[in-house]
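full-length UniProt numbering applies: residue 1 is where the sequence shown begins, and numbers increase by one.
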Amino acid sequence: MSKNSKVLNLKDKISGNERYSSSLFVYENPEFCNLTHLVKVDLSKNQLTCLPEDVGNLVNLQHLDLYNNKLTVLPVSFSQLRSLKWLDLKDNPLEAGLAKAAGDCLDEKQCKQCASKVLEHMNGLQDEVDRAREKRLLREKELERKREVKQREREARDKEARKQEKAEEKEKRRREYNAQMAAVAAREQQKKKSEEKKKKNGQAADKKVVVELTPKPRRSLIGLMFKLLLLLLLGLAGVAATCRLTDLQKETVCVPVNIFVDDSLSWAKEQEGVVRQLVQNLSSAAKEFLESTQTSKN
1 MSKNSKVLNL
11 KDKISGNERY
21 SSSLFVYENP
31 EFCNLTHLVK
41 VDLSKNQLTC
51 LPEDVGNLVN
61 LQHLDLYNNK
71 LTVLPVSFSQ
81 LRSLKWLDLK
91 DNPLEAGLAK
101 AAGDCLDEKQ
111 CKQCASKVLE
121 HMNGLQDEVD
131 RAREKRLLRE
141 KELERKREVK
151 QREREARDKE
161 ARKQEKAEEK
171 EKRRREYNAQ
181 MAAVAAREQQ
191 KKKSEEKKKK
201 NGQAADKKVV
211 VELTPKPRRS
221 LIGLMFKLLL
231 LLLLGLAGVA
241 ATCRLTDLQK
251 ETVCVPVNIF
261 VDDSLSWAKE
271 QEGVVRQLVQ
281 NLSSAAKEFL
291 ESTQTSKN
């Protein structure tokens with residue numbers, strides 16, 4: 001049987017707002033709970049073990065007969081049947097709480113009370129379900145919040161770890177750079193010291209050379225002075241000899257020379273002791289000078 005044919009059969013079996021059905025009809029027609037215009041439904045003596053979960057969609061239902069079935073519980077959505085005025089649940093193996101709410105339903109009054117009390121009972125179950133769902137949602141939200149907190153903490157730790165890693169890498173590069181700069185500075189310092197040492201050794205060598213070379217010009221100068229003095233003396237001696245021993249001694253030019261020679265000889269005789277002492281002093285001074293020069297060379 002096709003779906004369309006089921007819908008047609010469903011319409012054929014509905015008389016106005018009232019429907020009389022079997023359990024087979026209910027299970028074979030899932031659109032049953034969408035017939036929101038239904039006011040009265042009789043499902044008695046059908047061996048029903050359960051009702052559709054969305055039975056609460058029948059919001060206009062006022063009369064429901066479930067007599068002599070095998071129902072133990074009702075769907076939670078049953079609490080939404082707020083228009084229900086009459087209900088019969090006799091001869092069903094209901095669980096204790098639902099059976100107590102349903103009562104005996106032996107007459108019209110009791111069936112009305114059954115509808116009222118069962119709705120109240122189902123509202124309580126609905127509240128429990130809602131609270132349980134709310135608790136579940138709260139738990140889920142709390143778990144989600146904890147997961148988010150853990151996720152943020154994990155991300156923060158990862159971020160901090162990356163930051164620390166970058167800082168360590170930066171510090172490592174800084175230490176390496178400082179070590180390189182220190183090595184360069186040490187090499188420069190060593191090079192500078194070496195150059196200063198070479199320069200100092202060079203200056204010392206130059207100084208030594210100067211010290212070694214300096215006395216030579218002095219000795220040469222002294223020798224030259226002695227030579228000049230000797231030449232002068234020889235010249236004077238020659239002039240004196242010429243003026244004294246030749247025929248020129250009577251010449252005007254030679255007269256003062258002869259007088260000077262005579263005076264010099266007289267003075268020399270007088271100063272012989274002084275001259276000797278002067279020569280000794282000059283000899284001592286020359287000796288000391290030569291000794292100091294030799295010490296400077298060493």
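Positions of the beta carbon are idealized from the N, C-alpha and C atoms, including for glycine.
Asked                                                                                                      : Found
Rounded C-alpha distance that separates Ser77 from Ser83                                                   : 13 Å
Ser22 (DSSP reduced to helix, strand or coil)                                                              : Bear in mind that the predicted position of Ser22 carries a pLDDT of just 48, short of 50, making it unreliable; the figure below should be weighed with that in mind. Of the three classes helix, strand and coil, the one that applies to Ser22 here is coil, per DSSP.
Counted within 10 angstroms of its Cβ, other Cβ atoms place Gln80 as buried (16 or more) or exposed        : buried
8 Å Cβ shell around Lys34 - same chain, five flanking residues per side excluded                           : Contrary to the premise, residue 34 reads as Asn rather than Lys in this sequence. Cβ neighbours of Asn34 beyond the five flanking positions: Asn57.
For Leu38, the three-state DSSP class (helix, strand or coil)                                              : coil
Coarse secondary structure for Leu231, derived from DSSP in three states                                   : helix
Rounded straight-line distance, which links the Cα of Arg152 to that of Asp158                             : 10 Å
Contact check, Leu48 vs Leu71, beta carbons under 7 Å                                                      : yes
Leu89 versus Pro52 - alpha carbon distance                                                                 : 16 Å
Ranges of the beta strand (DSSP E) found wholly within the segment 61-90, counting only runs of at least 3 : 63-65 and 86-88
Alpha carbon of Asp42 to alpha carbon of Lys146, nearest angstrom                                          : 51 Å
Beta-carbon separation (whole angstroms), Ala115 vs Leu74, contact threshold 8 Å                           : Rounded, the Cβ-Cβ distance is 12 Å, inconsistent with contact.
Residue range of the alpha helix (DSSP H) that includes Leu98                                              : Ala96 to Ala102
Residue of Leu278, Lys112, Glu148 and Gly124 minimising C-alpha distance to Gln62                          : Lys112
Buried versus exposed call for Leu98 [16 or more other C-beta atoms within 10 Å across all chains shown]   : buried
Among Lys287, Lys191, Lys40 and Leu234, the one whose alpha carbon lies nearest that of Val59              : Lys40
Own chain residues within Cβ distance below 7 Å of His121, not counting five before or after               : Gly97, Leu98 and Ala101
Which of helix, strand or coil DSSP assigns to Leu51                                                       : coil
Beta-carbon proximity list for Leu125, same chain, < 8 Å, skipping 5 on both sides                         : Val76 and Ser79
Val59 - DSSP class collapsed to helix/strand/coil                                                          : coil
Pairwise C-alpha distance: Arg154 and Gln180                                                               : 38 Å
Residue environment, Phe226, which counts as buried when at least 16 other CB atoms sit within 10 Å        : exposed
For Ser44, the nearest candidate out of Lys85, Phe32, Asp91 and Leu38 (CA to CA)                           : Asp91
Presumed contact (8 Å Cβ cut-off) between Gly103 and Lys85, rounded CB distance                            : Going by Cβ atoms, the distance from Gly103 to Lys85 rounds to 15 Å, so no, they are not a contact pair.
Per-residue burial, Leu234 [other beta carbons within 10 Å of its own, 16 or more giving buried]           : exposed
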